[in-house]
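Each step along the sequence shown adds one to the number in the working numbering, with nothing skipped, and position 21 is 21.
Heads up: the structure comes next, in C-alpha cells.
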Amino acid sequence: MEPMHSDSDAELARLGDSALMVLFARGDPGAARVLTARLLPRALRHAARVLGDAAEAEDVAQEAMLRLWHAAADWRSDGPAQPATWLHRVVANLAIDRLRRSGRATGLDAETPDDAPGPEARLTEAERMAALDAALATLPERQRQAVVLRHIEGMSNPEIAEVLGIGVEAVESLTARGKRALKLALDGKKEALSHGD
Numbered sequence: 001m002e003p004m005h006s007d008s009d010a011e012l013a014r015l016g017d018s019a020l021m022v023l024f025a026r027g028d029p030g031a032a033r034v035l036t037a038r039l040l041p042r043a044l045r046h047a048a049r050v051l052g053d054a055a056e057a058e059d060v061a062q063e064a065m066l067r068l069w070h071a072a073a074d075w076r077s078d079g080p081a082q083p084a085t086w087l088h089r090v091v092a093n094l095a096i097d098r099l100r101r102s103g104r105a106t107g108l109d110a111e112t113p114d115d116a117p118g119p120e121a122r123l124t125e126a127e128r129m130a131a132l133d134a135a136l137a138t139l140p141e142r143q144r145q146a147v148v149l150r151h152i153e154g155m156s157n158p159e160i161a162e163v164l165g166i167g168v169e170a171v172e173s174l175t176a177r178g179k180r181a182l183k184l185a186l187d188g189k190k191e192a193l194s195h196g197d
C-alpha cells in the first residue's frame, strides 16, 4: 500500500517554512517534500539568473538545498532567520563563488511558461528575456544579485540585506544603480523588442 501524501502534504503546506524545517529535523519526510516544492524553484531561478547556465544553476540549487537540510537539525522555528532567506544567501554565495572561479560574466537563461500563448508571443517574450539577461550580465555581481532578488524574486530590502550580508542602505544603492544601468542598456533595444506593442 502506497503512503498517502496529498492530505498530509496539504496540511503541511499551511505551515511556515521554519515549522517545516523543525518537522523535517524530527524525521517528517512530508515536511521535506513540501519545503522542497516551495523553495527549490526559487533557488533554481535565482541561481539561473545569476549564473546564466541551467546545469550550473541546478548544481548550485541542489547544493544549497543540501546545506539547508544539514542545517535543519539546529533550526529553531522561533529563530531570527527564515529558511527562504537563508537559502537565498547560500545560493548567492555559491553562485558568486562559481562566477569568481570561472572568471566570467554570464547572461541568464529565459524561462518560458508552459501556458504561454502562441509561438510568436513566446518568441517575443524570449527576445525580451534575452535582452534582460544580457543587460543583467553587464552589471557588477552585487548589483546583479540585488536587482534579481528585489525585482525578479520579489524580496524586500531587509531580506536582501540579510542574503547579501550588507546594510539596507547598501541594498537600496545597489538596486538603484543596477536599475539605472539596466535602463540604459535596454533603452537602445526598446524599439526592436516592442514589435509594435
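For each residue, glycine too, the CB sits at the ideal point set by N, CA and C.
Please state whether DSSP places residue i in a helix, a strand or coil.
i, result
"I166", "coil"
"S18", "helix"
"W69", "helix"
"A81", "coil"
"E153", "coil"
"H195", "Any reading at H195 is ruled out, since the residue's pLDDT is 47, under 50, leaving its predicted position unreliable."
"D28", "coil"
"L186", "helix"
"L273", "The chain is shown only over 1 to 197; residue 273 falls outside these bounds and no answer can be derived."
"W75", "coil"
"D59", "helix"
"P113", "Below a pLDDT of 50, predicted positions are generally treated as unreliable, and P113, at 39, falls in that range; no measurement from the model is reported."
"L139", "coil"
"G103", "coil"
With a threshold of 16 other CB atoms inside 10 Å of the CB of residue i, please say whether the residue is buried or exposed.
i, result
"D53", "buried"
"A47", "buried"
"A55", "exposed"
"G30", "buried"
"R26", "exposed"
"A161", "buried"
"R100", "exposed"
"P117", "Note that P117 has pLDDT 46, beneath the 50 cutoff, so the model's placement of it is unreliable and no number is given."
"R98", "buried"
Measure the alpha-carbon distance for residue i versus residue j and round it to whole angstroms.
i, j, result
"L39", "R49", "16 Å"
"A19", "R142", "31 Å"
"A181", "T175", "10 Å"
"A10", "L68", "22 Å"
"A185", "M21", "41 Å"
"T106", "M155", "Model confidence at T106 stands at a pLDDT of 38, short of 50, so the residue's coordinates are unreliable; what they give is reported in the following sentence. Distance between the alpha carbons of T106 and M155 is about 22 Å."
"R45", "L66", "17 Å"
"I96", "R144", "11 Å"
"R128", "D28", "42 Å"
"R89", "D187", "31 Å"
"A170", "V147", "12 Å"
"L15", "E153", "21 Å"
"A135", "S8", "44 Å"
"E159", "S173", "15 Å"
"T36", "L149", "19 Å"
"K183", "A73", "44 Å"
"M1", "F24", "Note that M1 scores 39 on pLDDT, short of 50, meaning its location in the model is unreliable; the coordinates nonetheless yield the value given after this. Going by the C-alpha atoms only, they are around 23 Å apart."
"D78", "P41", "25 Å"
"V34", "L94", "24 Å"
"V91", "R76", "21 Å"
"G103", "L51", "12 Å"
"V60", "G165", "19 Å"
"E58", "N157", "26 Å"
Which whole-angstrom value is the C-beta distance of residue i and residue j, which I expect to be below 8 Å?
i, j, result
"T85", "V168", "Wrong, their Cβ atoms sit about 14 Å apart, outside the cutoff."
"R139", "G178", "A quick correction: the sequence has Leu, not Arg, at residue 139. With 8 Å as the limit, L139 and G178 qualify as a contact, their Cβ atoms being about 5 Å apart."
"Q82", "D17", "6 Å"
"A43", "L87", "6 Å"
Cβ of residue i less than 8 Å from any chain B Cβ?
i, result
"L186", "In summary, chain B is missing from the structure at hand, where a single protein chain is found."
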